[in-house]
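Report on the structure given below.
Protein chains: 2
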Amino acid sequence: MSPALSPAARNLAGPGTPFAVVDVHRMRRNIARLRARADRLGVALRPHVKTAKSLDAAALLHDGRPGPVTVSTLAEAEAFADAGYRDLTYAVGIAPHKLPRVIALLRRGVTLRILLDSTEQAMFVAAAAREAGIAVPAQIEIDCDGHRGGLRPEAPGLPGIGRILHDAGCLDGVLTHAGESYFRYTAEERREAARNERDAAVAAAGRLRAAGLPVTTVSVGSTPTAHAADDLTGVTELRAGTYVFFDLVMAGLGVCGPADLALSVVVTVIGHRPEHGWIVTDGGWMAMSRDRGTAVQPQDQGYGLVADLTGTVIPGLVMTGASQEHGTLTARDGAALPELPIGTRLRVLPNHACATAAQHHGYHVVDGAHGDAAPAPAIEAYWPRVSGW
Amino acid sequence: MSPALSPAARNLAGPGTPFAVVDVHRMRRNIARLRARADRLGVALRPHVKTAKSLDAAALLHDGRPGPVTVSTLAEAEAFADAGYRDLTYAVGIAPHKLPRVIALLRRGVTLRILLDSTEQAMFVAAAAREAGIAVPAQIEIDCDGHRGGLRPEAPGLPGIGRILHDAGCLDGVLTHAGESYFRYTAEERREAARNERDAAVAAAGRLRAAGLPVTTVSVGSTPTAHAADDLTGVTELRAGTYVFFDLVMAGLGVCGPADLALSVVVTVIGHRPEHGWIVTDGGWMAMSRDRGTAVQPQDQGYGLVADLTGTVIPGLVMTGASQEHGTLTARDGAALPELPIGTRLRVLPNHACATAAQHHGYHVVDGAHGDAAPAPAIEAYWPRVSGW
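Note that the protein sequences, when read in sequence, are chains G and C.
Going letter by letter, the first sequence gives residues 1 to 389 in our numbering.
Going letter by letter, the second sequence gives residues 1001 to 1389 in our numbering.
Below is the structure:
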């Protein structure tokens, strides 16, 4: 699970397959790119750690310091708190039974902001805060594009929710997420989605302030809009998650290129079915996830593009089928099926980094900047993942 | 991860959501049903433990004895060997680098059969067996329906592969899997698929025997064909996995009914979007998996059907959307969206039990035979899962 690196496992030809690999060189580049953008835009960056779910990966986000992060589970919040992080946002609508764990973290001195979008939630949060004698910082979720949860910025109930929170000392601000930006295929459409995301958050904050309610945080973000925003006036912080690894969905949108993908899964060829044009591997959906995010994109990438062990994409080779522990590779666009004998190791680049990473206990880490990779890229570290809820 | 059951968590209203639940009453019924069928058909049953991946669940398969099982990973093989199982089949084509772990298990006295479908594999298995001075029992994978791997029973190379294995003391038999039976929607079509599966395995065994090669095991199986087979003459054992839990894909085929589904995921309502007709929960694809197996069936069940906390399906309510930690429920067929306040717990029945179970560290176990469930079904055990490779 968290293997000590035996000598035999010190490069990608070593460990039993399938296993997940992170190219830390690509990851550092992806992190630097968005940090530079946030600096130019004049907003704080609060990366979402739900993608990597790794303290070692998170250490690269803020130059080794435990800076602000977003989490998707209380298990992540607790793991990051244990590691010294003190500035967290739990960006999933709160349920009553989760408040004791939230309050326990607050009592440890962790600023853990929670999210809600209803009067009902504001009332039980306010009641729990009063009962515990502690402020429970809460953000009101704003719906900018009809994607999922949240209140529209013009919703009649918004100031009332703000008032309930404020009166209990719990109002922190507003948060929105442009989930529909994952379906915007041009840079201009994504820029427009980023403006719309900003406008929704800023409008909601303005309505609260107009009602005499102080708003500290105005939080926006998604990987596509974070890389497209041109003006975030009125916004205090930017969130994004997938960008640390990127994936084929993001490459399909044009937010990154395939050479930016930092996560892959090493698999081994275990069979050939030339009569069907198939190469069979030991990496099925258990290793890749069932995510087929590129199926709705102009170029469907199956379960993933296939690279050699150094990370170089093999043109035209796609993982088109998956059962639990079997992957099927086929050639497309008239490409010849390459000669890949049984035992050949390959790296499969995933549709959706969050989903593929979640199939693994951790990552073997290589550094693509270290040049030639004979016989295979060296494994420089193992990064365990946080899991569960 | 493997929580001790605190008093507050002793029924399904207790643990933090989302979490996986197994109804052991339904599971026992499902197990008894297939065992009775195998007995009537006069074949041994070798359940595939890749679905539950749990030693506690497996204890119900053979009345508490460590009987024959099929595994999908060497991690399962090792965990079951550690628990006293001595009769295992690893039903994924072998790669050279996995042989040391196989041989280590054989040396511990575990009969671990491996699978292959090429001359190349037979040669490296024979060489490894000779070098280790140990028989490595191997089965030749037979392709009965073009689903995945294997040799066609009439393949010219079949006897040659058998010969290489036999000469190294490694030939155990043949194995086939009717993967296409997951797309056969009538009992008669599945009966036909079961006959075809049997015929392919028996024909392959016959060709090997005709070449003077002894065949011990003739193994067939898939959950749909195992429940449809009417005559398994010539077959020595039947494999199936999903049947212990069943799922919506199997219900959609008619192999079981929704009331047979033993696995579900408890989620909590965290929001409402009445303008879209949505109820939002804290169970997204991280809890359910991305599996959309029913999407190709006549009745698409989204990410799952929704039941109340006692396991009774709520008519017309379907989980139609999933992001990482959010599920969206909608009403279909003109059903009214039920009143489900924030904090309400629900049980979501999955498309594909293997994929949903894999998203969890283990199962909270309830017994649906224990009648009334106020305030919620009691949790009687926690069963951890084996994971990784």
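Where a beta carbon is used, it is the ideal one built from N, C-alpha and C, also for glycine.
All values reported here derive from a predicted model rather than from experimental measurement.
Local Cβ density within 10 Å of residue i, reported as buried at 16 or more and exposed below that
{"i": "SER1387(C)", "result": "buried"}
{"i": "ALA1077(C)", "result": "buried"}
{"i": "HIS370(G)", "result": "exposed"}
{"i": "ASP230(G)", "result": "exposed"}
{"i": "GLU275(G)", "result": "exposed"}
{"i": "ARG46(G)", "result": "buried"}
{"i": "TYR85(G)", "result": "buried"}
{"i": "SER2(G)", "result": "Bear in mind that the predicted position of SER2(G) carries a pLDDT of just 41, short of 50, making it too unreliable to give a figure here."}
{"i": "TYR185(G)", "result": "exposed"}
{"i": "GLY241(G)", "result": "buried"}
{"i": "ALA38(G)", "result": "buried"}
{"i": "ARG107(G)", "result": "exposed"}
{"i": "MET1288(C)", "result": "buried"}
{"i": "THR1281(C)", "result": "buried"}
Of the residues the options, the one placed nearest residue i, counting alpha carbons only
{"i": "VAL1306(C)", "options": "VAL1110(C), ILE1279(C), GLY1234(C), GLU1237(C)", "result": "ILE1279(C)"}
{"i": "LEU1151(C)", "options": "LEU238(G), GLY271(G), PRO137(G), ASP367(G)", "result": "GLY271(G)"}
{"i": "GLU180(G)", "options": "ALA52(G), THR225(G), LYS50(G)", "result": "THR225(G)"}
{"i": "THR1294(C)", "options": "ALA1059(C), ALA1353(C), PRO1384(C), ILE1134(C)", "result": "ALA1353(C)"}
{"i": "THR1073(C)", "options": "ILE1140(C), ALA1095(C), ARG1292(C)", "result": "ALA1095(C)"}
{"i": "LEU165(G)", "options": "ASP145(G), LYS98(G), PRO137(G), ARG148(G)", "result": "PRO137(G)"}
{"i": "ASP1172(C)", "options": "VAL1071(C), GLY1157(C), THR1236(C), ALA1200(C)", "result": "THR1236(C)"}
{"i": "GLU1197(C)", "options": "ILE1161(C), ALA1228(C), ALA1178(C), ALA1336(C)", "result": "ALA1178(C)"}
{"i": "ARG1358(C)", "options": "GLY1016(C), ALA1032(C), SER1054(C), ARG1035(C)", "result": "Per the sequence shown, residue 1358(C) should be read as Ala rather than Arg. When each option's Cα is compared against that of ALA1358(C), the closest is SER1054(C)."}
{"i": "ASN1011(C)", "options": "PRO1384(C), TRP1383(C), ILE1379(C)", "result": "ILE1379(C)"}
{"i": "ALA1343(C)", "options": "HIS1360(C), THR1268(C), VAL1366(C)", "result": "The question names Ala, yet the displayed sequence has Gly at residue 1343(C). Out of HIS1360(C), THR1268(C), VAL1366(C), THR1268(C) has the C-alpha closest to the C-alpha of GLY1343(C)."}
{"i": "PRO1068(C)", "options": "ALA1259(C), LEU1088(C), PRO1384(C)", "result": "LEU1088(C)"}
{"i": "ARG311(G)", "options": "ALA259(G), GLY133(G), GLY146(G)", "result": "Checking the sequence, you will find Gly at residue 311(G) rather than Arg. When only C-alpha atoms are compared, the closest one is ALA259(G)."}
{"i": "ARG1345(C)", "options": "PRO1375(C), ARG1292(C), GLN1324(C), TYR1382(C)", "result": "PRO1375(C)"}
{"i": "LEU238(G)", "options": "ARG40(G), PRO18(G), VAL24(G), ALA13(G)", "result": "ARG40(G)"}
Delimiting residues of the beta strand (DSSP E) encompassing residue i
{"i": "ILE1443(C)", "result": "The requested residue 1443(C) does not occur in the structure, where chain C is confined to residues 1001 to 1389."}
{"i": "LEU317(G)", "result": "313-323"}
{"i": "GLY277(G)", "result": "Run containing GLY277(G): none; DSSP gives neither H nor E here."}
{"i": "THR1176(C)", "result": "1171-1176"}
{"i": "VAL1125(C)", "result": "Run containing VAL1125(C): none in the beta strand (DSSP E); it sits in the alpha helix (DSSP H), 1119-1132."}
{"i": "ARG385(G)", "result": "Neither: ARG385(G) is in no beta strand (DSSP E) and is coded neither H nor E."}
{"i": "ASP87(G)", "result": "87-93"}
{"i": "ARG345(G)", "result": "345-349"}
Residue i: contacting residues in chain G (beta-carbon distance under 7 angstroms)
{"i": "MET1286(C)", "result": "ALA358"}
{"i": "GLY1271(C)", "result": "GLY93, ASP117, SER118, GLY149"}
CB contact below 8 angstroms: residue i versus chain G
{"i": "GLN1299(C)", "result": "no"}
{"i": "HIS1097(C)", "result": "yes"}
{"i": "ILE1279(C)", "result": "no"}
{"i": "ILE1164(C)", "result": "no"}
{"i": "ILE1342(C)", "result": "yes"}
{"i": "SER1222(C)", "result": "no"}
{"i": "ASP1117(C)", "result": "yes"}
{"i": "ARG1046(C)", "result": "no"}
First and last residue of the uninterrupted alpha helix (DSSP H) at residue i
{"i": "HIS25(G)", "result": "24-41"}
{"i": "LEU116(G)", "result": "Careful: LEU116(G) lies outside any alpha helix (DSSP H), inside the beta strand (DSSP E) at 111-116."}
{"i": "GLY1241(C)", "result": "Per DSSP, GLY1241(C) belongs to no alpha helix (DSSP H) and is neither H nor E."}
{"i": "VAL102(G)", "result": "99-107"}
{"i": "ALA1226(C)", "result": "1223-1226"}
{"i": "ALA378(G)", "result": "Per DSSP, ALA378(G) belongs to no alpha helix (DSSP H) and is neither H nor E."}
{"i": "ALA358(G)", "result": "Counting along the chain, ALA358(G) falls outside any alpha helix (DSSP H), and DSSP gives it neither H nor E."}
Chain C within 8 angstroms of residue i, Cβ atoms only
{"i": "THR268(G)", "result": "yes"}
{"i": "LYS53(G)", "result": "no"}
{"i": "GLU120(G)", "result": "yes"}
{"i": "LEU74(G)", "result": "yes"}
{"i": "ASP247(G)", "result": "no"}
{"i": "MET1(G)", "result": "Residue confidence for MET1(G) is low, a pLDDT of 37 falling below 50, so the modelled location carries little weight and cannot support an answer."}
Residues that residue i contacts on chain C, provided the C-beta gap is smaller than 8 angstroms
{"i": "CYS354(G)", "result": "GLN1324"}
Partners in chain C for residue i, counting only beta-carbon separations shorter than 9 angstroms
{"i": "HIS361(G)", "result": "SER1387, GLY1388"}
{"i": "GLY391(G)", "result": "The first residue shown for chain G is 1 and the last is 389, placing residue 391(G) beyond what the model contains."}
Per-residue contacts from residue i into chain G (C-beta, under 8 angstroms)
{"i": "ILE1379(C)", "result": "Residues of chain G passing the Cβ test: none, with the nearest at roughly 15 angstroms."}
{"i": "SER1289(C)", "result": "SER289, ARG290"}
{"i": "ARG1195(C)", "result": "Chain G residues near ARG1195(C): none, gap ~23 angstroms exceeds 8 angstroms."}
Residues that residue i contacts on chain C, provided the C-beta gap is smaller than 7 angstroms
{"i": "ASP282(G)", "result": "VAL1092, ALA1095"}
{"i": "ASP145(G)", "result": "Within chain C, no residue comes near ASP145(G); the closest Cβ sits about 12 angstroms away, beyond 7 angstroms."}
Neighbour list for residue i in chain D, Cβ cutoff strictly below 8 angstroms
{"i": "PRO1018(C)", "result": "In summary, chain D is missing from the structure at hand, where the protein chains are G and C."}
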